[in-house]
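Visitor: Have a look at the structure that comes next, please.
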Amino acid sequence: MEKLLLMIIGLSLLMSGCTHKNKTDVTKRSSLVDLYRNAMEDYNNHRYNQAINKFKIIIFQYPGSNKMEEAQFYIGESYFNMKKYTDAINEYSFLVNSFVGSKYVKDAKFKIAVCYYYLSPPPTLDQTDTHRAEDMFNEYLELYPDSPEADSARAMIQKCRLKYLKKTLNTARFYYKLGKYESAKIYIEKARNMKDHDLVIDEINALLKKINRKLKKHKSKFGE
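FYI, the numbering used here numbers position 27 of the sequence shown as 25, with every residue one higher than the one before it.
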């Protein structure tokens, strides 16, 4: 009788523990759903800092959940929408490197390239970030040639190349104003050989014509 009583007590405790665990799991799932819904509500209403905080809670308190990848992606999106492009790159890159098979990787790669383009300065300055952007867009097209964003990627590559062309043209104009026409011609010829030079072909031809006129005049004057 005593043995039977102990078995009944043990079984009751086991069932009680299972019930408590099930309730805890349900509560946890419910909390995750509510938290994600609130985070997306903040995001959709442009309360990006609040959204970021909630998405980070999802990542750290619910590791391995089915909302973790989305939370990471929308952290990047939040920074992107706030024009904090360096922070956005960091978050998108973490997603790409940590969730290799995620459905968000493709969009994250595209946005990384866009961020680098937006970080790039005017044509008069160093174009390192522009080159990074072009490299990323080219990589994107190699990986996803049939993507809905493929045409946008090609258009952004043209924008990058237009910056290089303008930088080269500006250098040619600089030397022209200094009266260093040979140097100016070197840069204008360089521009003529660059990809997508047809985007500024009228400017190239107009400046080249002026340079050649100056060089011809210089040779006539000094009998060269």
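No residue lacks a Cβ here, since even glycine has one placed at the ideal position from N, Cα and C. Here the structure is a predicted model, which is why all the values come from computation and not from measurement.
Looking at the structure shown, is Glu147 part of a helix, part of a strand, or coil, going by DSSP?
Guide: Correct three-state label for Glu147: coil.
Visitor: Are Tyr114 and Gln70 close, meaning C-beta to C-beta below 9 Å?
Guide: In this structure, Gln70 does not lie closer than 9 Å to Tyr114 by Cβ.
Visitor: Please work out which residues of its chain come closer than 7 Å, Cβ to Cβ, to Ser91, disregarding the five sequence neighbours upstream and downstream, and give them in chain order.
Guide: These residues qualify, in order along the chain: Ile110.
Visitor: If Tyr174 sits next to Ile209, beta carbons under 8 Å apart, how far is it from one beta carbon to the other, in whole angstroms?
Guide: So it is a contact: roughly 6 Å between Cβ atoms.
Visitor: Just list the alpha helix (DSSP H) runs in the stretch 51 to 120, keeping only unbroken ones of 4 residues or longer that don't cross its boundaries, in chain order.
Guide: Listed in chain order, the complete alpha helix (DSSP H) runs (minimum 4 residues) inside the stretch 51 to 120 are 66 to 79, 83 to 96, 103 to 117.
Visitor: Assuming Asp40 and Lys52 are in contact, meaning their beta carbons sit under 8 Å apart, how far apart are those beta carbons, in whole angstroms?
Guide: Going by Cβ atoms, the distance from Asp40 to Lys52 rounds to 6 Å, so yes, they are a contact pair.
Visitor: Enumerate in chain order the residues of its own chain whose CB-to-CB distance from Thr22 is below 7 Å, with the five nearest sequence positions on each side excluded.
Guide: Here Thr22 scores only 43 on pLDDT, less than 50, and its place in the model should not be relied on; the value that follows carries that caveat. Closer than 7 Å at Cβ, skipping near neighbours: no residue.
Visitor: Cutting at 6 Å between CB atoms, please list the residues of its own chain near Gly74, excluding the five before and the five after it.
Guide: Taken in chain order, the residues that qualify are Ala86, Glu89, Tyr90.
Visitor: State buried or exposed for Ser96, treating a residue as buried only when at least 16 other CB atoms are found within 10 Å of its CB.
Guide: It is exposed - the Cβ of Ser96 has fewer than 16 other Cβ atoms within 10 Å.
Visitor: Do Glu137 and Arg159 come within 9 Å of each other at the CB atom, strictly closer than that value?
Guide: Not a contact, by the Cβ cut-off of 9 Å.
Visitor: Quick one: any contact between the stretch 116 to 131 and the stretch 140 to 152, if contact means 3 or more CB pairs under 8 Å?
Guide: The stretch 116 to 131 vs the stretch 140 to 152: no contact.
Visitor: What residue from Tyr179, Lys214, Ala189, Asp194 has the CA that sits closest to Asn203's CA?
Guide: The option with the nearest alpha carbon to Asn203 is Ala189.
Visitor: For the alpha helix (DSSP H) that contains Asp127, what are its first and last residues?
Guide: Start and end: 126 to 141.
Visitor: Select from Lys107, Leu167, Lys65, Lys157 the residue whose C-alpha is nearest the C-alpha of Phe78.
Guide: With distances taken between Cα atoms, Phe78 lies closest to Lys107.
Visitor: Cα separation between Lys215 and Ile155?
Guide: For Lys215 and Ile155, the distance between alpha carbons rounds to 39 Å.
Visitor: By the three-class DSSP mapping on this structure, what secondary structure does His44 have?
Guide: Three-state result, His44: coil.
Visitor: Taking the alpha-carbon positions, what's the Tyr116 to Asp124 distance?
Guide: Going by the C-alpha atoms only, they are around 14 Å apart.
Visitor: Measuring straight from C-alpha to C-alpha, what distance separates Gln48 and Lys65?
Guide: Their backbone Cα atoms lie some 17 Å apart in a straight line.
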